[in-house]
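This report concerns only the one structure given below.
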Amino acid sequence: MTEHPVLFNDEMMRAILAGLKTQTRRPIKPQPEPYAGGVYPGHKAKHPAPYIDAYCGELKTAQNPRRMSDRWYWWTEDDRLGPEVGRCPFGVPGDTLWVRECFSPHYFGNRKPGYRADWTTGAADLGVEPKWTPSIHMPRWASRLNLTVKRVWVERFNEISNADIVVEGIEGYENDSHGMRSEIFGQFMTRWDAIYAKRGLGWDVNPWVWACEWDAPPY
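Mapping of the sequence shown onto our numbering: residues 36 to 254, in sequence order.
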């Protein structure tokens with residue numbers, strides 16, 4: 036089992052802690068170059084087009100029966116190895132994501148850290164807001180949440196399903212594949228663009244993304 040740090044903002048933290056968010060997506064950096072693929076003479080195509088998948092060379096475990104590694108590649112239509120895409124920041128099924136969030140190392144003199152996601156919900160009523168440390172600077176000891184990776188995959192942004200948008204933390208909708216597509220997708224697009232549009236990876240360019248699903252925390 037390997038550990039990987041993962042950053043979440045306050046809104047996402049509250050959704051995770053409430054059990055509403057069990058998936059996340061992050062753009063692949065750099066974005067994969069187009070790949071023509073092809074079928075070797077005498078071989079038969081098993082797929083309609085080239086595809087991106089993990090190289091499966093790790094030890095088989097109950098959590099990772101495919102033996103997936105964190106290295107992802109283009110594959111040809113007849114399953115031959117193509118160019119490398121990159122290393123998945125979420126690791127492989129069975130790995131641990133330790134969550135980084137905005138925090139206060141010594142919460143009003145307490146020995147334990149405090150977390151801004153809790154403060155903004157009104158849980159703290161001390162009147163004076165603490166000095167917060169950005170999530171990127173959170174050390175391992177201050178993290179309060181570990182998530183066990185259940186599944187990792189690659190897709191284009193626009194391929195997300197209604198059901199997956201809901202478990203990305205979009206509240207108030209039935210977890211099904213019918214109706215409300217434009218409204219829930221619109222909310223997801225807005226949230227995505229608030230983070231990634233200024234980096235040239237907004238929803239309108241339909242970027243390739245790493246996708247990860249974890250088991251909901253036990254509370």
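C-beta atoms are modelled at their ideal positions from N, C-alpha and C, and glycine is treated no differently. Since the structure is predicted, the reported quantities are computational estimates derived from the model, not experimental observations.
Checklist entry - If you draw a straight line from the alpha carbon of GLY92 to that of MET103, how long is it in whole angstroms? => result 6 Å
Checklist entry - At a cut of 8 Å, does the region 110 to 120 reach the region 147 to 154 through at least three beta carbon pairs? => result no
Next on the checklist: For the alpha helix (DSSP H) containing MET48, name the first residue and the last one.
Outcome noted: 45 to 52
Checklist entry - Under a three-way DSSP split, which group does ASN210 fall into? => result Its pLDDT being 49, under 50, ASN210 is placed unreliably by the model, and the measurement read from it follows with that caveat. Coil.
Next on the checklist: So if DSSP puts ASP88 in a beta bridge, which residue, or which two residues, is it bridged to?
Outcome noted: TYR108
Checklist entry - Which residues in the same chain have their Cβ closer than 7 Å to the Cβ of GLY126, if we skip the five residues on either side of it in sequence? => result THR37, HIS39, ASP105, VAL184
Item to check | Three-state secondary structure assigned by DSSP to GLN66 | outcome: coil
Next on the checklist: Just to confirm before moving on: does the CB-CB distance between GLU136 and MET48 stay below 8 Å?
Outcome noted: yes
Item to check | Selected residue, minimal CA-CA separation from ILE200, among THR168, LYS95, SER217 | outcome: SER217
Item to check | Exposure of ALA50, with buried meaning 16 or more beta-carbon neighbours within 10 Å | outcome: buried
Item to check | Beta-carbon spacing of ILE30, PRO100 below 8 Å | outcome: What is shown of the chain runs 36 to 254, which leaves residue 30 out entirely.
Checklist entry - Using the C-alpha atoms, what's the distance from PRO169 back to ALA53? => result 22 Å
Next on the checklist: Please state whether the Cβ-Cβ distance between GLY221 and LYS56 is less than 8 Å.
Outcome noted: no
Next on the checklist: Going by DSSP in three states, ARG186 sits in which element: helix, strand or coil?
Outcome noted: strand
Next on the checklist: What does the Cβ neighbour count give for HIS130, buried or exposed, with the cut at 16 atoms within 10 Å?
Outcome noted: Going by the sequence as given, residue 130 is Asp instead of His. It counts as buried.
Item to check | Counted within 10 angstroms of its Cβ, other Cβ atoms place ASP211 as buried (16 or more) or exposed | outcome: Below a pLDDT of 50, predicted positions are generally treated as unreliable, and ASP211, at 48, falls in that range; no measurement from the model is reported.
Item to check | Cut-off 7 Å between Cβ atoms - residues of its own chain near ALA251, not counting five sequence neighbours on either side | outcome: GLY54, THR57
Checklist entry - First and last residue of the alpha helix (DSSP H) that includes ARG151? => result 151 to 154
Checklist entry - What number of angstroms, rounded off, separates the C-alpha of GLU257 from the C-alpha of ILE230? => result Within the shown structure, residues of the chain are numbered from 36 to 254, placing residue 257 beyond reach of any answer.
Item to check | Simplified DSSP assignment, three categories, for ARG226 | outcome: helix
Next on the checklist: Please identify the residue among GLU46, TYR75, TRP188, TRP133 whose C-alpha is closest to the C-alpha of TYR90.
Outcome noted: TRP188
Checklist entry - How many Å lie between LYS81 and ARG146 at the Cα? => result 58 Å
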